[in-house]
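Taken in order, these protein sequences are the chains called A and B.
Following this note's numbering, the residues of the first sequence are numbered contiguously, the last one being 336.
Following this note's numbering, the residues of the second sequence are numbered contiguously, the last one being 1294.
Ideal Cβ positions, reconstructed from N, Cα and C, are used throughout, including at glycine.
Bear in mind that the values here come from a model prediction, so they are computed numbers and not experimental data.
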Amino acid sequence: MRFLGRRLAALVLLGIGITFVAFVLTELVPGDPAAANLGQRAIADPAAVQAFREHYGLDKPLPVQYVLYLEHLASGDLGQSEQSHRPVRTDLSEFVPATAELAVTSILIAFVLGISLGILSAVRRNRLTDQVLRVISLGGISMPVFWLALVALYVFFFKLGWVPGSGRLDPGVLPAPHVTGLYTVDALLAGQFDVFVSAAQHLILPACVLAAYNVGLLTRFTRSAVLEVINNDYVQAARAKGMPERTVVLRHVLRAALPPIITVGGLAFANVMTGTVLVESIFAWPGIGQYAFHSATTLDLPAIMGVSLFVAVVYIVVNFVVDILYGVVDPRIRVA
Amino acid sequence: MSAQPLPLRFAGVFSRRPGTLGSAWRQPLAIAGMVLGGAWIAIAILVPLIAPYNPLAQTSQLFLAPSASHLFGTDELGRDIFSRVLWASRLSLPLAFFLVTMAVLIGGVLGGLAGYFGGWVDEVVMRATDLVFAFPTIILAMAVTAALGPSLRNAVLAVLVVFWPSYARVVRGLVMSLGQSDYVSAARLLGASSRRALVVDVLPNVAGPVLVLATLDLGNAVLLLAGLSFLGLGAQPPTPEWGSMVNTGTQYFERWWMGTFPGFAILSVVLAFNFLGDSLRDALDPRSSWAVQR
């Protein structure tokens, strides 16, 4: 419990730190935020400018502004997008489910594939399979993901026609009633199998593209984690009992190698978020990655800060969960 | 009496088993990395001599597919993509080297101070690294660049902001563990000053891990800069830059050559640095070795 408490305290501190970074970055921006935020209205409507300045305390000293900023955040106010002229929070809540669906699928693919390849690599260490897998995994972490997306879309959609092009569903297909916002899950819940198939077809290519980096990372990580334990005494004992090698590896080796692999989870999440910013717009995937991309290219600062803040908060929560999971998987550092 | 235990001084740089580093360089992966990286460095130096066209010269021959006269085709302004891809190396490679050097210097000094002095110095530096690590790299780099205004200079600054902490942490950890090690205590007991102990006994052992990290980060720097330019936050047109060229390629989807070749340039450069960094790690840390494990 003590461990949990310390981690929670660190989580809160880090959260406050993140808001501080976002606040400082917002302060760096040259020019008048009221004019930037209100656009045309700033010239036509002095009262709106005045209201804006008062709302954000722009005429007050910086520490007071920061406290006001925190108050706004606490009530869920992330400011107004300069592009959509809607609250950033409204934009985010609209786009989060699409990214969540993509990110979760991609991380699942990466873990299954990465751990399998890593085990294979370790079992066949120093043989040809291992060397080939080493080059492949280094290729995965060297790949500019936005380029991979472009090439994959060109080959599998444009040339081969194996996957549908862009978006989350075929034209004319309506999403199942909104429950989770994840189209595949909602479709299954509603029992609409055709919608599920369409959603899954649209999901598979972007999810695989986003998984490339993490597959490389996890292959390497799993390999070294497995090699750490593969010749331990208890593993030898299992072999000596006459247990088939497959069972030895899957039951005894993997069990011991799993905790370090789990710690990659946080990093894997960060990589996927990085990927969505660069890739979603190529697939016309209506998630926060595409939102961030459009905000970046149009310099919509409140939106950029909103996305950054949101992703950072989710990221530290993910890291927290990974820490807890680590304790669950490794009995030596049980949380309770 | 010498205060320097010679065999251990370079323990981090050269493996205790003689010849390990030498043989690491003869591995296929290291050779591939050197050839690829060397080729790109040669291209960056010689590009005025080898690029067939002016990378900025616009012609009326728009969207030409790759052919003998335009190896990689032409873009939406009729510029030769082959020449632009080659010229872009002059931007990305020096910037990557500059960035990593600066990150090593800043992170190394801060981490060294934190590890050596501990206390509040350590606390301040480490909390700062925590803050940077709380963001996925490109998210923070994107926010920093957008706040400062989109330009190549600000993108470089942003990458620096996200890169220094890993060096600070590695150097801090090493300095801390080495600072308590017997051979440093021995040196201090023999009368070596703290500065001498730091420079002569600690620094050489920090060099190895930092070198591995720096080599891998050369690739990461190229990737991140290209990513920021892809977002329109880095190099501005008409400067030839790989990331922004891929971005243009996404707008002309059917003209596959516009995005494919610049992206391939990124991949090959990053791959070269990753091959080298990985081979280096093998040589310096036998435990994580992909190579011979007896």
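- Cα atoms of A/F221 and A/V229: separation of roughly 13 angstroms, rounded to the nearest angstrom.
- Classified as exposed, A/Q50 has fewer than 16 neighbouring CB atoms from the shown chains inside 10 Å of its CB.
- At least 7 angstroms separates the CB of B/I1081 from every CB of chain A.
- Taking the beta carbon of B/V1270 as reference, the chain A residues within 9 angstroms of it are I141, S142, M143, P144, listed in sequence order.
- When DSSP states are grouped into helix, strand and coil, B/D1278 belongs to the helix group.
- Within the segment 298-317 of chain A, the residues whose Cβ lies closer than 7 angstroms to any Cβ of chain B are, in chain order, L299, L301, I304, M305, S308, V311, A312, Y315, I316.
- Residues of chain A whose Cβ lies closer than 8 angstroms to the Cβ of B/M1142 are, in chain order, V277, A292, A296, I304, S308.
- The C-alpha of A/Y315 lies about 7 angstroms from the C-alpha of B/F1135.
- The CB of A/Y56 never comes closer than 7 angstroms to any CB in chain B; the least such distance is about 16 angstroms.
- A/A98 has a beta carbon lying at 7 angstroms or more from every beta carbon in chain B.
- Look at A/D330 here: in three-state DSSP terms it is coil, with no helix or strand label.
- For A/I288, the enclosing alpha helix (DSSP H) starts and ends at 288-297.
- Excluding sequence positions up to five before and after B/G1249, its CB lies within less than 6 angstroms of the CB of M1258, G1259, all in the same chain and listed in chain order.
- Where B/P1136 is concerned, there is no enclosing alpha helix (DSSP H), because DSSP gives it neither an H nor an E.
- In the structure shown, B/T1250 adopts helical secondary structure according to DSSP, grouped into three states.
- Under the three-state reduction of DSSP, B/D1182 is assigned to helix.
- The beta carbon of B/F1275 is closer than 6 angstroms to those of L1029, A1032, G1033 in its chain, skipping five residues each way along the sequence.
- At a Cβ-Cβ threshold of 7 angstroms, A/L210 and A/V272 count as neighbours.
- Contact annotation for B/L1280 against chain A: no contact, minimum CB-CB distance about 13 angstroms [criterion: below 8 angstroms].
- Of the candidates A/G118, A/G139, A/V313, A/F23, the residue whose Cα lies closest to the Cα of A/L258 is A/G118.
- Our two residues, B/L1148 and A/V88, have alpha carbons roughly 21 angstroms apart in a direct line.
- For A/A200, no chain B residue has a C-beta closer than 7 angstroms to its own C-beta; the minimum C-beta separation is roughly 23 angstroms.
- Excluding its 5 nearest sequence neighbours in each direction, A/N319 has C-beta neighbours in its own chain below 7 angstroms: G266, listed in chain order.
- When only Cα atoms are considered, B/R1169 and B/G1179 end up about 15 angstroms apart.
- Looking from the CA of B/I1041, the closest CA among B/G1227, B/T1101, B/L1284, B/A1265 belongs to B/A1265.
- Interface residue (Cβ-Cβ distance to chain A less than 7 angstroms): B/G1033 is not classified as such.
- Where A/E71 is concerned, the enclosing alpha helix (DSSP H) starts and stops at 62-74.
- Checking the DSSP bridge columns, you'll see B/T1074 partnered with B/D1080.
- Going by C-alpha positions, B/V1047 is about 15 angstroms away from B/L1071.
- Excluding sequence positions up to five before and after B/F1082, its CB lies within less than 7 angstroms of the CB of P1052, H1070, L1071, F1072, all in the same chain and listed in chain order.
- Counted as a single uninterrupted DSSP element, the alpha helix (DSSP H) harbouring A/L205 occupies residues 193-229.
- Per DSSP, the continuous alpha helix (DSSP H) segment holding A/V277 begins and ends at 264-279.
- Note on A/G76: under 16 other CB atoms within 10 angstroms of its CB, so exposed under the neighbour-count rule.
- If only uninterrupted alpha helix (DSSP H) runs of at least 4 residues are considered, those enclosed by the segment 1165-1237 of chain B are 1182-1189, 1203-1230.
- Each residue's CA atom was taken as its position, placing A/V249 and B/A1192 some 51 angstroms apart.
- When the five nearest sequence neighbours on each side are left out, the beta carbons in the same chain lying within less than 7 angstroms of the beta carbon of A/D323 are those of R7, in order along the chain.
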